[in-house]
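Take a look at the structure below.
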Amino acid sequence: MISVSNLYHSYSNDEKYAVKNVSFEIEEGEVFGFLGPSGAGKSTTQGILTGLLQLQKGVVTVAGYDVKHIKNEMFNKIGMSFEQSNVYSKMTGKENLEFYRKLFDVETRDPQELLELVGLGDKGNIKAGEYSKGMKHRLTFARSMINNPTLWFLDEPTTGLDPAIASEIKNIIKEKNKKGVTVFLTTHNMYIADELCDRVGFIVDGELLLIDSPKNLKLQYGEKFVEVEYLDGKEIRKESLSFVTKDDIERLKEILDQYEIQTMHTKEATLEEIFIKVTGRELV
Ligand SMILES: Nc1ncnc2c1ncn2[C@@H]1O[C@H](COP(=O)(O)OP(=O)(O)OP(=O)(O)O)[C@@H](O)[C@H]1O
Ligand SMILES: [Mg+2]
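In terms of my numbering, the sequence shown opens at residue 476 and continues consecutively.
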């Protein structure tokens, strides 16, 4: 569905690259997460893939189209939601969607239905300029679905949204994917990535360092821990012990023999911990 080979991008047209030799493939029906800290090159890559930025160097095909010579019909197939909500502030929410749907040559969805889907059902007649940041974000998200895209680009779809709405958005993404929509998701939120993505790519300073499924990453890099709380006299103590270190296993046996156990949980490494381990960088 997407194929990227040796992609480079420089905003200054010199050797300073915002995206450096990035290659990856995304299969049809996959949810692919592009993860990295601020300034890593995520939005730049999405910009090139969606024709917002001119392809400078590398070979990119999206939904069967060569991005070097973009054809308008490509836009009928893809949906895009950007991190900055670029809605028309003088138009109402509904007018924004009505305006946008006219740009497509394919069947489009009913604006009111989309507004309801993102919790803006009763706000359709208010000017988008009067919307809060989160509302604008939701309108942009709704707009990205108007042409029933088969390939959906989502840049930080839940950032800045309250947890209930963020959870709704996650469900919409899951539902769409179940119906076969391929998703290219950009985020710094590891929990969302973990929940939604079939595979993730770690990008830092413009370079794609690794691609794998969250499950494989946890198997490969995550060390499993057990957290045990036990009663030592009158005091409750807590220890975190590895499943694989010999000394820790011995210690765990000792605790089980000697103390009254209060709670015991296994803990997997989070994607965030793995990201830090692999890249040496935090995700902020
Ligand atoms: N329009 C621009 N002009 C010049 N430099 C830019 C422009 N847009 C981005 N950059 C630079 O390119 C690099 C990658 O930026 P990009 O927006 O792709 O990062 P990102 O991974 O999306 O970050 P964030 O998580 O903050 O959205 C950064 O160093 C940034 O300063
Ligand atoms: Mg970005």
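C-beta atoms are modelled at their ideal positions from N, C-alpha and C, and glycine is treated no differently.
Tell me the rounded alpha-carbon separation between SER487 and GLU588. Sequence index remark: in the sequence shown, residue 487 carries index 12 (1-based). Sequence index remark: in the sequence shown, residue 588 carries index 113 (1-based). SER487 and GLU588: Cα-Cα distance of roughly 43 Å.
Inside the region 592–650 only - beta strand (DSSP E) runs reaching at least 3 residues: 626–630
Please classify ARG613: is it buried, with 16 or more other beta-carbons within 10 angstroms of its beta-carbon, or exposed? For the purposes of this step, residue 613 is taken as residue 138 along the sequence shown, with counting starting at 1. Buried: at least 16 other Cβ atoms inside 10 Å.
With H, G and I counted as helix, E and B as strand and the rest as coil, what does DSSP make of HIS544? By 1-based counting over the sequence shown, the position of residue 544 is 69. Of the three classes helix, strand and coil, the one that applies to HIS544 here is helix, per DSSP.
Which residues bound the beta strand (DSSP E) around ASN496? Here residue 496 is taken as the residue at index 21 of the sequence shown, counted from 1. Counting along the chain, the beta strand (DSSP E) containing ASN496 begins and ends at 494–501.
Take TRP627 as the anchor and find which of LYS491, GLY504, ASN481 and ASP489 has the nearest alpha-carbon. Stepping through the sequence shown from its first residue, residue 627 is reached at position 152. Ranking the options by Cα distance to TRP627, first place goes to GLY504.
Tell whether a beta-carbon distance below 8 Å holds between LEU510 and VAL656. Stepping through the sequence shown from its first residue, residue 510 is reached at position 35. Stepping through the sequence shown from its first residue, residue 656 is reached at position 181. No, the pair does not count as a contact, with Cβ atoms beyond the cut-off.
Pocket of ligand 2 (residues with CB nearer than 7 Å to any heavy atom), chain order: LYS517, SER518, GLU558, ASP630, GLU631 and THR661
Within 7 Å: the Cβ of TYR486 and any heavy atom of ligand 1? By 1-based counting over the sequence shown, the position of residue 486 is 11. Within the cutoff, so yes.
Helix, strand or coil: how does DSSP classify ASN691 here? By one-based count along the sequence shown, residue 691 stands at place 216. Here ASN691 sits in helix by DSSP.
The region 689–702 / the region 524–531 touching (three or more Cβ pairs under 8 Å): no
Compute the Euclidean distance between the alpha carbons of GLY801 and ARG756, then round it to the nearest angstrom. In the structure as shown, the chain begins at 476 and stops at 759. Residue 801 is therefore absent and cannot be evaluated.
Looking only at DSSP bridge pairs, what is HIS740 linked to? Taking the sequence shown and counting its residues from 1, the one referred to as residue 740 is at position 265. GLU702, per the DSSP bridge assignment.
Environment of PRO638 [buried if 16+ CB atoms lie within 10 Å]: Here residue 638 is taken as the residue at index 163 of the sequence shown, counted from 1. Exposed: under 16 other Cβ atoms inside 10 Å.
Compute the Euclidean distance between the alpha carbons of ILE601 and LEU685, then round it to the nearest angstrom. Your numbering for residue 601 matches position 126 in the sequence shown. Your numbering for residue 685 matches position 210 in the sequence shown. So the two alpha carbons sit approximately 44 Å from each other.
How about ASP630 and GLN737: do their beta carbons lie closer than 8 Å? As a first step, residue 630 must be located in the sequence shown, where it is residue number 155. As a first step, residue 737 must be located in the sequence shown, where it is residue number 262. Going by C-beta atoms, ASP630 is not nearer than 8 Å to GLN737.
Quick check: is any heavy atom of ligand 1 less than 7 Å from the C-beta of ALA668? Looking up residue 668 in the sequence shown gives position 193. ALA668 Cβ: outside cutoff for every heavy atom of ligand 1.
GLU714 versus GLN733: straight-line alpha-carbon distance, rounded: In the sequence shown, counting from the first residue as 1, residue 714 sits at position 239. In the sequence shown, counting from the first residue as 1, residue 733 sits at position 258. Distance between the alpha carbons of GLU714 and GLN733 is about 14 Å.
Across the region 602–621 and the region 512–520, are there enough close Cβ pairs to call them in contact, namely three or more that are closer than 8 Å? no
Whose C-alpha, out of LYS651, GLU735 and ASP687, is nearest the C-alpha of LYS709? Position 234 of the sequence shown, counted from the start, is the residue given in the question as residue 709. Out of LYS651, GLU735 and ASP687, GLU735 has the C-alpha closest to the C-alpha of LYS709.
What's the C-alpha gap between MET566 and ALA603? Position 91 of the sequence shown holds residue 566. Position 128 of the sequence shown holds residue 603. In a straight line, the C-alpha of MET566 is about 6 Å away from that of ALA603.
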